[in-house]
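Student: These protein sequence lines are chains A and B, in that order. Per the working numbering, residue 1254 is the first one in the first sequence, and the count goes up by one each step. Per the working numbering, residue 1254 is the first one in the second sequence, and the count goes up by one each step. In this text, a Cβ means the ideal position worked out from N, Cα and C, and glycines have one as well.
Protein chains: 2
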Amino acid sequence: MIFRQLFDSESSTYTYLLADDKTKEALLIDSVKEQSERDKKVINELGLKLKYLLETHVHADHITGVAKMKEYFSESKSVIYQSSGVECADIFVKDGDKIFIGQIQIDIIYTPGHTNGDVSYYTNGMVFSGDILLIRGCGRTDFQEGSPDQLYDSVNQKLFTLPDETIVYPAHDYKGMTSSSIAEEKNYNPRLANKTKKDFVEIMNNLNLPYPKKINESLPANLKCGRTNI
Amino acid sequence: MIFRQLFDSESSTYTYLLADDKTKEALLIDSVKEQSERDKKVINELGLKLKYLLETHVHADHITGVAKMKEYFSESKSVIYQSSGVECADIFVKDGDKIFIGQIQIDIIYTPGHTNGDVSYYTNGMVFSGDILLIRGCGRTDFQEGSPDQLYDSVNQKLFTLPDETIVYPAHDYKGMTSSSIAEEKNYNPRLANKTKKDFVEIMNNLNLPYPKKINESLPANLKCGRTNI
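1) Span of the beta strand (DSSP E) holding B:Lys-1330?
2) Could I get the ranges of all uninterrupted alpha helix (DSSP H) runs contained in the segment 1385-1434 of chain B, with 4 residues as the minimum, in chain order?
3) Which residues, taken in chain order from the segment 1417-1431 of chain A, show a beta carbon closer than 8 Å to some beta carbon of chain B?
4) Buried or exposed for A:Pro-1365, please, with buried defined as at least 16 other CB atoms from any protein chain shown within 10 angstroms of its CB.
5) Report the three-state DSSP secondary structure of B:Tyr-1464 (helix, strand or coil).
6) Taking 8 Å as the cut-off, decide whether the C-beta atoms of B:Val-1332 and B:Ser-1382 are in contact.
7) Identify the residues that DSSP records as bridge partners of A:Lys-1351: which are they?
8) Which whole-angstrom value is the C-beta distance of A:Tyr-1441 and A:Arg-1389, which I expect to be below 8 Å?
9) With distances taken Cα to Cα, identify the nearest neighbour of A:Phe-1413 among A:Pro-1401, A:Ile-1385, A:Tyr-1427 and A:Asp-1426.
10) Can you name the start and end residues of the alpha helix (DSSP H) that B:Arg-1291 belongs to?
11) For chain B, is any of its Cβ atoms less than 8 Å away from the one on A:Gln-1356?
12) Starting from the C-beta of A:Met-1345, find all residues in its chain whose C-beta is less than 6 Å away, skip the five residues before and the five after it, and write them out in chain order.
13) Listed from N- to C-terminal order along the chain, which residues in the segment 1269-1294 of chain B have their beta-carbon within a distance smaller than 8 Å of any beta-carbon of chain A?
14) So the candidates are A:Leu-1303, A:His-1425 and A:Ile-1361; which of them puts its Cα closest to the Cα of A:Asp-1273?
15) Can you tell me whether DSSP reads A:Ser-1382 as helix, strand or coil?
16) Rounded to whole angstroms, what is the Cα-Cα separation between B:Leu-1271 and B:Lys-1330?
17) Would B:Leu-1386 count as contacting chain A if we go by Cβ distances under 8 Å?
18) Given that A:Glu-1437 touches chain B, what residues does it touch there, using C-beta distances under 8 Å?
19) For B:Phe-1260, would you say it is in contact with chain A, using Cβ-to-Cβ distances shorter than 8 Å as the test?
20) Using CA coordinates, which residue listed in B:Glu-1308, B:Ser-1262 and B:Lys-1286 is at the minimum distance from B:Leu-1280?
21) Give, in chain order, every residue of the segment 1315-1331 of chain B whose Cβ lies closer than 8 Å to some Cβ of chain A.
22) Any C-beta of chain A sitting closer than 8 Å to the C-beta of B:Arg-1444?
23) Within the 8 Å Cβ cut-off, does B:Arg-1257 reach chain A?
24) Taking the straight line between their C-alpha atoms, what separation do you get for B:Ile-1255 and B:Asp-1371?
25) Compare the C-beta of B:Tyr-1363 against all C-beta atoms of chain A and say whether one is closer than 8 Å.
26) Where does B:Ala-1313 land, buried or exposed, given buried means 16+ other C-beta within 10 angstroms?
27) Against B:Tyr-1441, what residues of chain A qualify as contacts under a CB-to-CB distance less than 8 Å, listed in chain order?
28) On the criterion of 16 or more Cβ atoms from any shown chain inside 10 Å, does B:Asp-1452 qualify as buried, or is it exposed?
29) Pop quiz: B:Asp-1343 and B:Tyr-1363 are said to be a contact at Cβ under 8 Å. What is the actual Cβ separation, rounded to whole angstroms?
30) Only counting the same chain, and skipping five residues up and downstream in sequence, which positions put a Cβ closer than 6 Å to that of A:Ser-1432?
31) Relative to the alpha-carbon of B:Lys-1321, which residue among B:Asp-1292, B:Ser-1337 and B:Val-1311 has its alpha-carbon at the smallest distance?
32) Could you work out which residue in B:Gly-1399, B:Asp-1395, B:Leu-1445 and B:Asp-1350 is closest to B:Thr-1376 when comparing CA atoms only?
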């Protein structure tokens, strides 16, 4: 398998490129509009055929690269959770669905809580956890359809039941960490490790975070699959 | 093997943590002083024993974390090239030397050109190429003991003779790329791919880059193994 982690320093977003090294079929998870040229270049230089553009959720902090990437790779299809509110996507997935690039199987795990349409993607001992499980943190639950109750259950009933050694690749990190593991987050995540749901809800409801600075431009654009000219 | 890539956004420096998952012996390549607390925390949470602090060279853009990490992990030893000018290091290495953490062997490859004391570290299909080979770029050759002639030879006679599929982990990236491969750099590095030495020297001598903003504080501190209080 070909694997590349890519970073957008403006929004601290990680984009992930996965490909089957035999068939060269590829997918991109959580692309960022401003990085479309970079991502196109990497995909072309590696000789890959971009098949899918996966979103973990409707982002509030950056505009997705989906529209731009579909211009560059006209065969590629956008993928998002079935009730995310993004009607223009090509493929809608739900819990338990699978998608394939060559011989590589990606399992869709519905993990709501940051929004009501979050999914995590699992393949080959790696989980792409979006804004649900971050490294020693988790996504916000105080805007869009966020719910600390749901996020707690998604982590504890879904992600924390994956094998301990599973590598966690989140949608963001703000401290220069690039990956973690399920075992580490079970033991050291300050919001989630050994916390009751009551503890967690109290933590999340008292974060008093500022209003997300790019939410007003990001949400409308992302609901249109990243198209900003309509 | 346990492997973590860590990033310092201020200097765009990558720090690498490698450990043997059986013995838990670990090493850190190119640590950054300001990230010492973060790095200490990760090492402790993973239950590792920090054995070595490796430097690829004397950095001009950030102060090494070596002194701080040696305070935290008193058993750890700093490692640098024999004629780097850093007299306070614990272990001096030269081309062809090997160091070990548990069963993991790290080969030292002398690759001068950015300074006269650059080394690359090779292990298990990965090369940590310092400021010699960057992703679609290379280190500067216009300060310290930089030499475009030497850098060209280091890349072509040493790094480009590694297997094509070797993953390249550089000391820096400024575009959100986290890794590359020898094959990619052979084919797509705009300064080095299919370039004669004459081409390369001309490119490097005409970059007209600004004076490195942190060189005046970094070099004296790094020549003292990161100690800034003496």
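Tutor: Reading it off the structure:
1) Following the DSSP letters along the chain, one finds B:Lys-1330 inside the beta strand (DSSP E) bounded by residues 1330-1334.
2) Within the segment 1385-1434 of chain B, the complete alpha helix (DSSP H) runs of at least 4 residues are 1401-1406.
3) So the close ones are Lys-1428, Gly-1429, Met-1430 and Thr-1431.
4) With 16 or more other Cβ atoms within 10 Å, it is buried.
5) Coil, per DSSP.
6) A distance of 8 Å or more separates the beta carbons of B:Val-1332 and B:Ser-1382.
7) For A:Lys-1351, which the question treats as bridged, DSSP gives the partners A:Asp-1360.
8) Between A:Arg-1389 and A:Tyr-1441 the Cβ distance is about 6 Å, and since that is below 8 Å, they are a contact.
9) Nearest C-alpha to A:Phe-1413: A:Ile-1385.
10) In this chain, the alpha helix (DSSP H) harbouring B:Arg-1291 covers 1289-1298.
11) A:Gln-1356 is outside the set of residues whose beta carbon lies under 8 Å from a beta carbon in chain B.
12) Contrary to the premise, residue 1345 of chain A reads as Phe rather than Met in this sequence. Counting only Cβ-Cβ distances below 6 Å, and skipping sequence neighbours, we find Gln-1335.
13) Listed by position along the chain: Gln-1288 and Arg-1291.
14) When C-alpha distances from A:Asp-1273 are compared across A:Leu-1303, A:His-1425 and A:Ile-1361, the shortest belongs to A:Leu-1303.
15) DSSP places A:Ser-1382 within a strand segment (E or B) once states are collapsed to three.
16) B:Leu-1271 and B:Lys-1330 have their C-alpha atoms roughly 15 Å apart.
17) No, B:Leu-1386 lies away from the interface with chain A (no Cβ there is under 8 Å from its Cβ).
18) For the C-beta of A:Glu-1437, the chain B residues within less than 8 Å are, from N- to C-terminus, Glu-1298 and Leu-1299.
19) Answer yes: the Cβ-Cβ gap between B:Phe-1260 and chain A drops below 8 Å somewhere.
20) For B:Leu-1280, the nearest C-alpha among the options comes from B:Glu-1308.
21) Within the segment 1315-1331 of chain B, no residue qualifies.
22) With 8 Å as the cut-off, B:Arg-1444 does not count as an interface residue toward chain A.
23) Yes, because at least one Cβ of chain A sits closer than 8 Å to the Cβ of B:Arg-1257.
24) Computed Cα separation, rounded: 25 Å.
25) So, not an interface residue.
26) By the 16-neighbour rule on beta-carbons within 10 angstroms, B:Ala-1313 is buried.
27) Residues of chain A passing the Cβ test: Glu-1298.
28) Here B:Asp-1452 is exposed: its Cβ has fewer than 16 other Cβ atoms, across all protein chains shown, within 10 Å.
29) In this structure B:Asp-1343 does not touch B:Tyr-1363 by the C-beta definition: roughly 19 Å separates them, more than the 8 Å allowed.
30) Cβ neighbours of A:Ser-1432 beyond the five flanking positions: Ile-1420 and Tyr-1422.
31) If we check each option's Cα against that of B:Lys-1321, B:Asp-1292 comes out closest.
32) Cα-wise, what sits closest to B:Thr-1376 is B:Asp-1350.
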